[in-house]
Amino acid sequence: SLVEAVARICAGGEIFAVNAYRPVNVGVIQTTLPGLKPSVLDKTLRVTEARLARSGGRLKAERRTPHDVTLVAEAASALARDNDMVVIFGASALADFADVIPAAIEKAGGKVIRAGMPVDPGNLLVLGTLDGKRVIGAPGCARSPKENGFDWVLDRLIAGLDVTASDIAGMGVGGLLM
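Take 84 as the starting number for the sequence shown in the numbering used here and just add one per residue.
Put into structure tokens, the structure is as follows:
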């Protein structure tokens with residue numbers, strides 16, 4: 084239980100710790116659908132580069148692909164080989180585990196850790212792993228430079244912290260609501 088976990092932390096002596104950001108290379112996938120303007124994708128890329136730069140991260144590669152499970156899975160596999168993390172911006176919002184982004188993570192051989200988070204904006208985030216690398220299915224709000232739940236997960240991962248489904252569930256207590 085959560086109370087037992089807190090008791091173990093308190094007994095261990097470390098109550099508070101600060102983890103420094105690590106330089107990470109991030110691969111970005113942006114899916115497309117008819118009617119999605121290239122200017123939206125270009126802005127998303129600029130916002131993501133700025134988000135990563137504040138913590139010493141670097142956007143190393145970008146792939147644009149149709150919003151299709153197989154094509155996203157192929158792009159995710161390729162980017163996971165050469166990057167520390169992969170971020171996927173979907174052209175369509177997440178509705179369930181069978182949606183394109185979580186299905187693509189699994190089709191590529193990865194695992195979905197969590198779909199959805201109790202933080203708004205940011206509630207449509209997907210977190211997974213692929214080839215030992217973290218994959219974030221970014222919620223639509225991550226296209227904006229304003230702080231949101233995506234930042235909470237991204238910053239923790241860049242600091243080298245493991246982010247679990249329980250960690251994300253715990254973000255709902257006092258969670259961001261804008």
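Ideal Cβ positions, reconstructed from N, Cα and C, are used throughout, including at glycine. Here the structure is a predicted model, which means the values were calculated and not measured.
Task: Close-in-space but distant-in-sequence residues of the same chain around M254 (CB under 8 Å, 5 per side omitted) - done: M200, P201, V202, G232 and W235
Open item on the list: Given a cut-off of 8 Å on the beta-carbon distance, is the pair I241 and Y104 in contact?
Closed with: yes
Task: the segment 189-197 / the segment 142-151 touching (three or more Cβ pairs under 8 Å) - done: no
Open item on the list: In whole angstroms, give me the CA-to-CA distance for G193 and N166.
Closed with: 15 Å
Open item on the list: Taking the beta strand (DSSP E) that G220 belongs to, which residues open and close that run?
Closed with: K216 to A221
Task: C-alpha distance - A161 paired with S227, whole-angstrom precision - done: Rounded to whole angstroms, A161 and S227 show a C-alpha spacing of 26 Å.
Open item on the list: I need the DSSP call for P149, collapsed to helix, strand or coil.
Closed with: strand
Open item on the list: For G139 and R217, what's the separation of their Cα atoms in angstroms?
Closed with: Put simply, the backbone Cα of G139 is about 17 Å away from that of R217.
Task: Cβ-based neighbour list, T115, same chain, cut-off 8 Å, excluding 5 preceding and 5 following - done: Result list for T115: L124, R147, T148, P149, H150 and A174, in chain order.
Open item on the list: Rounded to the nearest angstrom, what separates K190 and L208 at their Cα positions?
Closed with: 18 Å
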